[in-house]
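Notes follow once the structure below has been shown.
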Amino acid sequence: MSVTLSILDLAEVRRDESVAEALAASVRLAQHAEAWGYRRVWYAEHHNIPTIASAATSVLVAHVAAHTHSIRVGAGGVMLPNHAPLVIAEQFGTLETLHPGRIDLGLGRAPGTDQHTLRALRRTPAAADRFPDDVLELQGYLTGESRVSGVNAIPGAGTNVPLYILGSSLFGARLAAALGLPYAFASHFAPQALEAAVAAYRREFRSSAQLERPHVIAGVNVIAADTRDAAGEQLAAAKRRRARLLFGRGRRLTRVEADAILASPTGAPALEMLRYTAVGTASEVAAYLDWFAEHADADELILAAAAPDKAAKLRCLELVADACGLAPAA
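Per the working numbering, numbering through the sequence shown is continuous, rising by one, with the last residue being 343.
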């Protein structure tokens, strides 16, 4: 494998599972990922979603970093308009101080939730308009060159926590390019603008103190299993989960209902979200990832394991690590 491989973990809470069990599983996944040789594991800020336990993203990052040794741990990402930049600088400055050289801070401008929860977060839709300025303010706190007179992040100043811009459109690509930051594209669920966004980022990139050359991270779903049939069954289950997410409207769709939606034009958005999905045996998935890295013009792939349960997810990531020749850091 010619590119770096990392993991996006949504800290999913499965049926008949507690939040505590889901978080413990995330720790185990990170520990295995470290042993298998993955570069980093990231957690995403989502609110008011019963199946995702990573809302307090910095707290989860702290917990996982404390239970691992070498793998990089970070946010993929923090939805910056939900927060004061100073508070995020203090949180991630503290994390970097406790775990030097291991903390990443990916930044997005979406709310990561619904409109009602957005109001509960005391955020207005206009907050996204301040995203570029908020990124610069945050960067100033972390580099120790505050843009706000008389205000410093303590802890945080001088920690230089690396920033990453997350996005699924040309807006994020061009912002990352203008600021000289790495760019992570959410092609694991929003694939439409992948090629145009990466091309714009590479074309417009300007080097910075953090980054000399452009660095693209592309998200991709992975379903690797010991047999092709098992992988196919897991893919069918993943499609049903997307249908339930998009069309459930507060109730759990039956398998028959989900399959009916997926077979109709209504189900197209759910299937489109899975456009970039590596499915099959370990060797088949490794071959797809090679193709996808070239297709996305990516320097790094961040894998979203779409397996139906925790054991299958671990097996998937183990198979990929072995097939792609990963090795833990010395």
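Glycine included, every Cβ here is placed at the ideal spot set by N, Cα and C.
Bear in mind that the values here come from a model prediction, so they are computed numbers and not experimental data.
Between D127 and R85, the gap from beta carbon to beta carbon reaches 7 Å or more. Given a length threshold of 4 residues, each whole run of the alpha helix (DSSP H) inside the stretch 131 to 208 is given here in chain order: 144 to 156 and 183 to 192. It is roughly 20 Å from the alpha-carbon of A190 to the alpha-carbon of A203.
Inter-segment contact for the stretch 246 to 259 and the stretch 303 to 311 is absent: fewer than three beta-carbon pairs are separated by less than 8 Å. Nearest to G89 by alpha-carbon distance, out of A79, A69, L99 and V100, is A69. Inter-segment contact for the stretch 234 to 242 and the stretch 257 to 273 is absent: fewer than three beta-carbon pairs are separated by less than 8 Å.
With 16 or more other Cβ atoms inside 10 Å of its own Cβ, R253 counts as buried.
In the structure shown, R253 falls within a helical segment according to DSSP collapsed to helix, strand and coil.
Taken through DSSP and simplified to helix, strand or coil, D322 comes out as coil. Linking A309 to E208 through their CA atoms gives a straight-line distance of about 6 Å. The Cβ-Cβ distance between V174 and L194 does not fall below 7 Å. The beta carbons of L179 and G232 sit no closer together than 7 Å.
Comparing C-alpha distances from P98 to each of D29, A33 and S159 shows the shortest one belongs to S159. Beta-bridge partners assigned by DSSP to V233: L316.
Secondary structure at Y56: strand, using DSSP grouped into helix, strand and coil. Under the DSSP definition of a beta bridge, E25 partners with I65.
The continuous alpha helix (DSSP H) containing A281 extends over residues A281 to M286. Per DSSP, T290 is one residue of the beta strand (DSSP E) stretching across T290 to G293.
Listed as beta-bridge partners of V91 by DSSP are L120. Below 8 Å, enough C-beta pairs join the stretch 58 to 78 and the stretch 32 to 48 to call them touching: three or more. Contact annotation: L183 and A213 have beta-carbon atoms nearer than 7 Å. Nearest to V40 by C-alpha distance, out of A317, V54 and G50, is V54.
The beta carbon of P145 is closer than 7 Å to those of L188 in its chain, skipping five residues each way along the sequence.
By the CB criterion at 7 Å, K326 and A334 fall outside the cutoff. The count of Cβ pairs closer than 8 Å, one atom from the stretch 269 to 289 and one from the stretch 219 to 227, stays below three, leaving the stretches out of contact.
The three-state secondary structure of S19, taken from DSSP, is strand. Considering only E109, S31, R27 and T64, the residue with the shortest C-alpha distance to G171 is E109. Between A35 and A66, the C-beta gap is smaller than 7 Å, which places the two residues in contact.
Excluding residues up to 5 positions away in sequence, R253 lie with their Cβ nearer than 7 Å to the Cβ of R268 in the same chain.
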